[in-house]
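Asker: Residue 180 in this note's numbering sits at position 178 of the sequence shown, and the numbers go up by one each step. Think of the CB as a built atom: it goes at the ideal place given N, C-alpha and C, for glycine as much as any other residue. Being a predicted model, the structure only gives us computed values, none of them experimental. After the structure tokens below, expect a handful of questions from me.
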Amino acid sequence: MVQVSLAEIEARVQRALRAHGAEAFAAAEVARAVAAAESFGNRICGLYYVESYCRQLRSGRVRGDVTPLVTCLRAAAVQVDALFGFAQPAFAYGLAVALDAARRNGVASLAVTHAHTCTALGYFTEQIARAGMIGLGFTNASPIVAAPGGRKRVIGTNPIAFSVPDGAGGLALHLDQSTSAVALGKITMAQAAGESIPEGWAVDAEGRPTTDPAAALSGALVSTGGHKGWGFGLMAEVLAAGMTGSTLSRDVAPLKAPEGAPHDLGQYYLVIDPLAAPDFRDRMAALAAAVAEDPGARLPGAGRVAADPVEVAPEVWDLMGELAG
């Protein structure tokens with residue numbers, strides 16, 4: 003492994019994206035998200051994705067030269083059309099507008115439509131929380147999850163993220179998880195490493211539980227917590243596709259395929275002003291104290307610290323250099 007600073011990651015990823023057709027703002031926003039993922043050890047959403055970004059820029063599957071279009075459909079309903087470009091710059095265009103709407107109305111929605119995959123959903127809700135608001139986010143993905151007891155792929159891993167501010171520019175609570183038992187990337191990484199997967203992650207093409215990642219990839223993932231996770235996955239599908247006018251998971255081609263139709267995914271966020279509620283900070287402090295009464299217990303995400311520099315596999319870093327030209 004090699005030690006690489008986050009600044010170096012951002013710079014090299016920006017160069018790679020620019021070399022493959024992305025304009026400066028889009029490249030900078032995507033590179034910032036990649037570096038953030040690496041800083042928290044989320045390699046699935048970090049450098050792991052950059053090669054596919056570059057290939058899809060070249061093929062036209064993602065547009066790197068568009069300017070997102072922001073529309074206020076109602077006083078507290080903000081929509082950003084990504085125009086089949088990256089989700090990161092589209093969110094950046096809409097965030098300030100949504101924050102202002104939430105301050106005026108107590109709550110606002112931010113719908114990002116016709117976007118590329120956003121990878122780590124919590125990256126976006128964290129920005130909402132660091133701006134002093136509660137952020138709740140939903141997105142969908144290519145079909146990989148079967149209904150409980152089934153074998154047909156119906157919805158994606160459909161993450162949900164939730165971030166709560168601590169009143170000082172940080173996070174009191176941060177949760178980012180797929181509604182499937184595991185993220186798809188962990189299956190593909192296990193296959194690449196020649197490793198088995200735990201039972202309970204997936205079923206094979208016949209609907210039988212499997213520990214073979216190849217069988218899982220030809221079958222389907224299962225929802226976390228069975229019917230409960232399935233319900234949350236459907237909720238994410240309704241908001242991410244239905245409320246943004248983007249496509250259903252069932253119609254999304256594999257996210258990393260170099261060619262094909264644009265992802266056309268949606269992300270849907272609720273932006274909530276905690277100052278609209280009396281004594282919110284006192285209630286959060288009491289909740290944190292109650293959780294901390296058990297030794298070692300804490301609210302999810304509390305005390306997260308980004309690493310800088312981070313460890314990167316030499317072959318991955320070399321590939322970034324090749325992509326950057």
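Between which residues of its own chain and S111 is the CB-CB distance below 8 Å, once the five residues before and five after are set aside?
Answerer: A78, A79, V80, A100, M245, Y270, Y271, L272, V273
Asker: Can you check the region 30 to 93 for any beta strand (DSSP E) of at least 3 residues that lies completely inside it and give the ranges in chain order?
Answerer: 71 to 76, 79 to 83
Asker: Does the distance from the CB of V36 to the CB of Y51 come in under 9 Å?
Answerer: yes
Asker: Identify which residue in R155, F88, P215, S220 has its Cα closest to the Cα of R34.
Answerer: F88
Asker: For R17, write down the residues that DSSP places opposite it in a beta bridge.
Answerer: In the DSSP output, where bridge partners are listed per residue, R17 has none listed.
Asker: Please confirm if the region 221 to 231 is in contact with the region 202 to 210, defined as three or more CB-CB distances below 8 Å between the two stretches.
Answerer: yes
Asker: Please classify M3 as buried or exposed, where buried requires at least 16 neighbouring CB atoms within 10 angstroms.
Answerer: exposed
Asker: Going by the beta-carbon positions, is the gap between I157 and L236 smaller than 9 Å?
Answerer: Cβ atoms of I157 and L236: closer than 9 Å.
Asker: Is it true that the CB of T119 sits closer than 9 Å to the CB of L257?
Answerer: yes
Asker: Among A185, N160, M191, V15, which one has its Cα closest to the Cα of G202?
Answerer: A185
Asker: Let me know the secondary structure DSSP gives G96 once reduced to three states.
Answerer: G96 falls in the helix class under three-state DSSP.
Asker: Does the beta carbon of V184 sit closer than 9 Å to a beta carbon anywhere in chain C?
Answerer: In the displayed structure, chain C is absent; only one protein chain is listed.
Asker: Whole angstroms are fine: how far does the CA of P91 sit from the CA of E261?
Answerer: The straight-line gap from Cα to Cα measures roughly 22 Å.
Asker: Where does G66 land, buried or exposed, given buried means 16+ other C-beta within 10 angstroms?
Answerer: buried
Asker: Between the region 155 to 170 and the region 9 to 25, are three or more C-beta pairs nearer than 8 Å?
Answerer: Verdict: no, contact absent.
Asker: Report the start-end ranges of each beta strand (DSSP E) in the region 123 to 211 that is 3 residues or longer and not cut off at the edges.
Answerer: 136 to 141, 155 to 157, 162 to 167, 173 to 179
Asker: A21 and A326 - do their beta-carbons sit closer together than 9 Å?
Answerer: The answer is yes: Cβ separation under 9 Å.
Asker: Measuring alpha carbon to alpha carbon, tell me which of A143, T159, G137 ends up nearest P167.
Answerer: G137
Asker: Nearest to G305 by alpha carbon, out of R106, F42, D320?
Answerer: F42
Asker: Tell me the residue span of the beta strand (DSSP E) that contains G268.
Answerer: 267 to 274
Asker: Rounded to a whole number of angstroms, what is the C-alpha to C-alpha distance between A292 and G139?
Answerer: 26 Å
Asker: What is the DSSP secondary structure of H118, reduced to helix, strand or coil?
Answerer: coil
Asker: From R283 to G169, what does the alpha carbon distance come to, in whole angstroms?
Answerer: Each residue's alpha carbon lies about 7 Å from the other.
Asker: Taking the DSSP output, what are the residues bridged to E313?
Answerer: Q5
Asker: Under DSSP, the alpha helix (DSSP H) around K22 begins and ends at which residues?
Answerer: Here the sequence assigns His to residue 22, which means Lys is not the residue at that position. That residue, H22, is in no alpha helix (DSSP H); it is neither H nor E in DSSP.
Asker: From the DSSP secondary-structure annotation, give me the bridge partner or partners of L223.
Answerer: V147, A204
Asker: Report the three-state DSSP secondary structure of A113 (helix, strand or coil).
Answerer: strand
Asker: Starting from the Cα of I189, find the closest Cα among G172, V205, A163, A218 and give me that residue.
Answerer: A218
Asker: Pick helix, strand or coil for M245, following the three-state DSSP scheme.
Answerer: coil
Asker: So what's G228 in DSSP terms, helix, strand or just coil?
Answerer: G228: coil per DSSP, three-state reduction.
Asker: In the DSSP assignment, the alpha helix (DSSP H) including D284 goes from what residue to what residue?
Answerer: 282 to 294
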